[in-house]
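Chemist:
In the working numbering, the protein residues as written are 2 to 200.
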């Protein structure tokens, strides 16, 4: 019995020899589209993460995910020991809106905090309308769960916890546990030895 001719072998069984593999790798490496994509990714990362971190007022020992993004960093203040999770976005306003995070704040994955939002009622396309800005202030020891959105003008008191997927607008008192869209207080955080309430 003779071996089957290579041309008769199924396509998935054919293997490239070493020179063919090297040639393919070289061609892929020299393809300008591959380099253009890489340059775009590096530039985007630099624009949204690396450069802004140089302008943000950072407290000591922050832990910031490399996938976090920031805009208008000169109006962002992040306190000591803050942890910013995977794919979080913190946007201060282009004019006056500031974002302030106290000490020991924990942001879960994909939290969005913005101090600016577009108007939508004057008949023009949304992108052509003016934006409304208001400061966002998040107190000390606050935990924002996965995909929480914090809107312009929000105030979150010390020790508060916001449940996953909640939308915060307005004021959340200290030590409150809030959930929903819009976030509503459903419970109070209890700290052993303090009788609950603010520390």
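By construction, the Cβ of each residue, glycine as well, lies at the ideal position given by its N, Cα and C atoms.
Only a predicted model underlies this, so the values are computations on that prediction, with no experimental measurement involved.
Under DSSP, the beta strand (DSSP E) around residue 29 begins and ends at which residues?
Modeler: As a working note, residue 29 is residue 28 in the chain shown. Premise fails: residue 29 lies in the alpha helix (DSSP H), 19 to 31, not in any beta strand (DSSP E).
Chemist: Determine whether the beta carbon atoms of residue 95 and residue 119 lie at a separation below 8 Å.
Modeler: For the purposes of this step, residue 95 is taken as the residue at position 94 of the chain shown. For the purposes of this step, residue 119 is taken as the residue at position 118 of the chain shown. Cβ atoms of residue 95 and residue 119: not closer than 8 Å.
Chemist: Quick one: what's got a C-beta closer than 6 Å to residue 143's C-beta in the same chain, skipping five residues either side?
Modeler: Numbered from 1 along the chain shown, position 142 holds the residue referred to as residue 143. Result list for residue 143: 106, 157 and 161, in chain order.
Chemist: Ends of the beta strand (DSSP E) at residue 177?
Modeler: Residue mapping note: residue 177 aligns to position 176 of the chain shown, counting from 1. It spans 177 to 180 - the beta strand (DSSP E) in which residue 177 sits, taken as one unbroken run.
Chemist: Is the Cβ-Cβ distance between residue 103 and residue 86 less than 8 Å?
Modeler: If you number the chain shown from 1, residue 103 lands on position 102. If you number the chain shown from 1, residue 86 lands on position 85. Their beta carbons are not under 8 Å apart, which means residue 103 does not touch residue 86 by this criterion.
Chemist: Rounded to whole angstroms, what is the Cα-Cα separation between residue 126 and residue 132?
Modeler: In the chain shown, counting from the first residue as 1, residue 126 sits at position 125. In the chain shown, counting from the first residue as 1, residue 132 sits at position 131. So the alpha carbons of these two residues sit roughly 12 Å apart.
Chemist: Determine the direct distance from the alpha carbon of residue 179 to that of residue 187, and round the result to whole angstroms.
Modeler: Here residue 187 corresponds to residue number 186 of the chain shown, with the count starting at 1. Here residue 179 corresponds to residue number 178 of the chain shown, with the count starting at 1. For residue 187 and residue 179, the distance between alpha carbons rounds to 6 Å.
Chemist: Which runs of the beta strand (DSSP E) fall wholly inside the region 117 to 173 and span at least 3 residues, in chain order?
Modeler: Qualifying beta strand (DSSP E) stretches, in chain order: 117 to 119, 132 to 134 and 137 to 139.
Chemist: How close, in whole Å, do the beta carbons of residue 116 and residue 93 come, if the pair is a contact with beta carbons under 8 Å?
Modeler: Walking along the chain shown from the start, residue 116 turns up at place 115. Walking along the chain shown from the start, residue 93 turns up at place 92. Between residue 93 and residue 116 the Cβ distance is about 5 Å, and since that is below 8 Å, they are a contact.
Chemist: Using DSSP with H/G/I as helix, E/B as strand and the rest coil, what is residue 35?
Modeler: On the chain shown, position 34 is the one that residue 35 refers to. It is helical.
Chemist: For the putative contact between residue 150 and residue 165, defined by C-beta atoms under 8 Å, what is the C-beta separation to the nearest angstrom?
Modeler: Taking the first residue of the chain shown as 1, we reach residue 150 at position 149. Taking the first residue of the chain shown as 1, we reach residue 165 at position 164. Their Cβ separation, rounded to whole angstroms, is 11 Å, which puts residue 150 and residue 165 out of contact at 8 Å.
Chemist: In terms of residues, what are the limits of the beta strand (DSSP E) holding residue 90?
Modeler: Within the chain shown, numbered from 1, the residue matching residue 90 stands at position 89. 90 to 92 is the span of the beta strand (DSSP E), which, as asked, contains residue 90.
Chemist: When you compare only the Cα positions, how much space is there between residue 62 and residue 81?
Modeler: Mapped onto the chain shown, residue 62 falls at position 61. Mapped onto the chain shown, residue 81 falls at position 80. One C-alpha to the other measures close to 6 Å.
Chemist: Nearest-angstrom Cα distance between residue 169 and residue 36?
Modeler: For the purposes of this step, residue 169 is taken as the residue at position 168 of the chain shown. For the purposes of this step, residue 36 is taken as the residue at position 35 of the chain shown. Between residue 169 and residue 36, the C-alpha separation is close to 41 Å.
Chemist: For residue 65, write down the residues that DSSP places opposite it in a beta bridge.
Modeler: Residue mapping note: residue 65 aligns to position 64 of the chain shown, counting from 1. Answer is 85.
Chemist: So what does DSSP say about residue 2, is it helix, strand or coil?
Modeler: In the chain shown, counting from the first residue as 1, residue 2 sits at position 1. Here the model assigns residue 2 a pLDDT of 49, short of 50, so the residue's position is not dependable, and the following value carries that caveat. Three-state DSSP puts residue 2 in coil, outside helix and strand.
Chemist: Is it buried or exposed, residue 101, if we count other Cβ atoms within 10 angstroms and call 16 or more buried?
Modeler: For the purposes of this step, residue 101 is identified with residue 100 of the chain shown, where counting begins at 1. Buried.
Chemist: Would you list the residues sitting across from residue 79 in a DSSP beta bridge?
Modeler: On the chain shown, residue 79 is found 78 positions in, with the first residue counted as 1. According to DSSP, which records beta bridges pairwise, residue 79 is partnered with 59 and 102.
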